[in-house]
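Okay, so here's the structure we're looking at.
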Amino acid sequence: MYEYVLLCEDSMEGILSGVYEAYRFKKENSIESHDAIHLVTKSPDTYRLFTEYRTVEANDENADKVIGTIRSRLGEEVYYRLCLAMVSCFDEKADAVYHTIVLGLRNHDRMIMDRLAEDWVQKTFQYARASSNELGHMIEFTRFSELEGGILYAKINVKHHILPFLMPHFADRLPSENFMIYDENTDVYGLHPKQQQWYLVQGVEIDSDKLNVTAAEKDYQELFKRFCKTIAIESRTNKKLQTSFLPLRFRPNMTEFQP
633 MYEYVLLCED SMEGILSGVY EAYRFKKENS IESHDAIHLV TKSPDTYRLF TEYRTVEAND
693 ENADKVIGTI RSRLGEEVYY RLCLAMVSCF DEKADAVYHT IVLGLRNHDR MIMDRLAEDW
753 VQKTFQYARA SSNELGHMIE FTRFSELEGG ILYAKINVKH HILPFLMPHF ADRLPSENFM
813 IYDENTDVYG LHPKQQQWYL VQGVEIDSDK LNVTAAEKDY QELFKRFCKT IAIESRTNKK
873 LQTSFLPLRF RPNMTEFQP
């Protein structure tokens, strides 16, 4: 069977634009089944025979049309799970989301994410769960420091691009604070001016030498580290269990683990 591969941008807007283009391409070319069309976010190392490759540009208008269709016909919960899958770091996420949408719309199934017997749905569920688990970790483990000027600053390093889901949580918790969260992995800043809407910024260089914490912040950090050390019971230390609750990769950006 001749196949078609659509290369889209690795973002929610890019993948949803790819879904829109896949439907349009199938209709215009009278392709029999969606099974012949695949979405990818990375150029393949090797190109397959009997396969046509096309590049899809991210288009906000097309993405919004797909979002509207998903929300109205599949529901907000399905849309949220699909978004979590789209921000994951897995290579097959675009294809899994696309074919899950196809299955859901074909059957008008608002419970599509429960159909784990379907391979594509199972993959989408796994990808969304991975992002959701990491989001839960970062809600608990993100540590803010007060900078000179009164700005709260936090740095994270995560596998999945969960910053768009992390920002609303802290915007709700800290509406009267100026704060920013920097994701080292994607080089994206989440900025929140007090009493205003948060937004994301990418490709901006900020001089780390100017990110100086206040003297009071240094004192509080020292007190917090002493508190964590004081309450620890050495005879009951269980490193393996501690690691299962708090993965090592989160610790470099946590105050209590700083030297």
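Residue numbers (my numbering): 633 to 891. By construction, the Cβ of each residue, glycine as well, lies at the ideal position given by its N, Cα and C atoms. In this text the structure is predicted, and so the values were computed from the model without any measurement.
key: Proximity to E693 [Cα-Cα], best of L823, S649, C640, D741   = S649
task = Let me know the alpha helix (DSSP H) ranges lying completely inside the segment 718-770, each 4 residues or longer, listed in chain order.
result = 725-739
task = Pull up the distance between the alpha-carbon of V734 and that of D839, whole angstroms please.
result = 46 Å
task = Could you give the DSSP three-state label for F811: helix, strand or coil?
result = strand
query = E708 by DSSP, collapsed to three states: which one?
reply = helix
query = How is the alpha helix (DSSP H) around Y852 delimited, first residue to last?
reply = 847-863
request  = Count the other CB atoms, across all protein chains shown, that sit within 10 Å of the CB of I744; report buried if there are 16 or more and exposed otherwise.
outcome  = buried
request  = Jot down the residue ranges of each uninterrupted beta strand (DSSP E) in the segment 641-695, minimum 3 residues, whole runs only, in chain order.
outcome  = 669-672, 683-687
task = Within its chain, find whatever has a CB closer than 7 Å to the CB of V729; leave out the 5 residues flanking it on each side and keep chain order.
result = I647, L714, A717, M718, T756
message = Can you tell me whether L843 is helix, strand or coil according to DSSP?
response = coil
Contact the segment 876-891 vs the segment 762-778: 3+ CB pairs below 8 Å = yes
ask   = Pairing CB atoms from the segment 652-666 with CB atoms from the segment 681-699, are three or more of them under 8 Å?
value = yes
request  = Report the three-state DSSP secondary structure of V833 (helix, strand or coil).
outcome  = strand
message = Short of 6 Å in beta carbon distance, which residues of its chain neighbour K791, apart from the five on each side in sequence? Order them along the chain.
response = C721
request  = Keeping to the same chain, check which residues put their C-beta closer than 8 Å to that of S777; ignore five residues upstream and five downstream.
outcome  = L784, Y785, A786, V845, E849, Q853, T887
message = For a test of the three-state rule: what should DSSP assign to L639, helix, strand or coil?
response = strand
key: Rounded separation between I753 and Y759 - CA only   = Per the sequence shown, the amino acid found at residue 753 is Val instead of Ile. Taking the straight line from one Cα to the other gives about 10 Å.
request  = State the Cα-Cα distance for the pair E780 and E709, rounded to the nearest angstrom.
outcome  = 41 Å
query = Where does K725 land, buried or exposed, given buried means 16+ other C-beta within 10 angstroms?
reply = buried
inquiry  = Let me check one thing: in DSSP terms, what residues is I788 bridge-paired to?
reply    = D815
inquiry  = Less than 8 Å between C-beta atoms, sequence neighbours within five positions excluded: which residues of the same chain meet that for A690?
reply    = C640, E641, S643, E645, G646, S649
query = beta strand (DSSP E) containing L823: first to last residue?
reply = 820-824
key: Inter-residue Cα distance where the pair is D746 and S763   = 17 Å
request  = Using alpha carbons as the reference points, say which of N661, A668, V698, N885 lies closest to E816.
outcome  = N885
ask   = In whole angstroms, what separates the C-alpha of L832 from that of N870?
value = 39 Å
query = What are the partner residues of E778, as DSSP defines its beta bridges?
reply = L784
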